[in-house]
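Residue numbers (this note's numbering): 241 to 331.
Written out as structure tokens, the structure reads:
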């Protein structure tokens with residue numbers, strides 16, 4: 241997989257929608273699973289659809305991401321999650 245700046249944007253957007261679905265669903269596992277499936281479908285080929293800093297760290301340990309890519313992915317994911325948290329407070 242070739243990582244570009246679009247990959248980081250995809251991670252941000254994918255994490256945002258996934259975490260927003262978790263907050264707004266009230267923990268409904270069907271909605272959460274469906275949201276994750278949609279995120280993987282739409283951004284999987286762009287970024288790998290990690291949408292989780294722990295997955296990015298694991299990929300770094302497996303040498304599939306270098307340190308810069310891992311930190312950039314984690315930053316995008318954490319910002320996406322924080323944005324989703326604040327967006328969920330608007331509903």
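Built from N, CA and C at the ideal position, the CB exists for glycine as well. No experiment lies behind these values; they were computed from the predicted model shown.
| Query | Result |
| --- | --- |
| Looking at the structure shown, is residue 228 part of a helix, part of a strand, or coil, going by DSSP? | With the chain covering only 241 through 331, there is no way to say anything about residue 228. |
| Only counting runs of 3 or more residues, tell me where the beta strand (DSSP E) segments fall wholly within the stretch 249 to 312, in order along the chain. | none |
| If we ignore side chains and look at the alpha-carbon of each, how far apart do residue 330 and residue 266 end up? | 15 Å |
| Keeping to the same chain, check which residues put their C-beta closer than 6 Å to that of residue 251; ignore five residues upstream and five downstream. | 287, 313, 316, 317 |
| Residues in the same chain with beta-carbon distance under 6 Å from residue 300, minus the five sequence neighbours each way, listed in chain order, please. | 310 |
| Is the beta carbon of residue 254 less than 8 Å from the beta carbon of residue 279? | yes |
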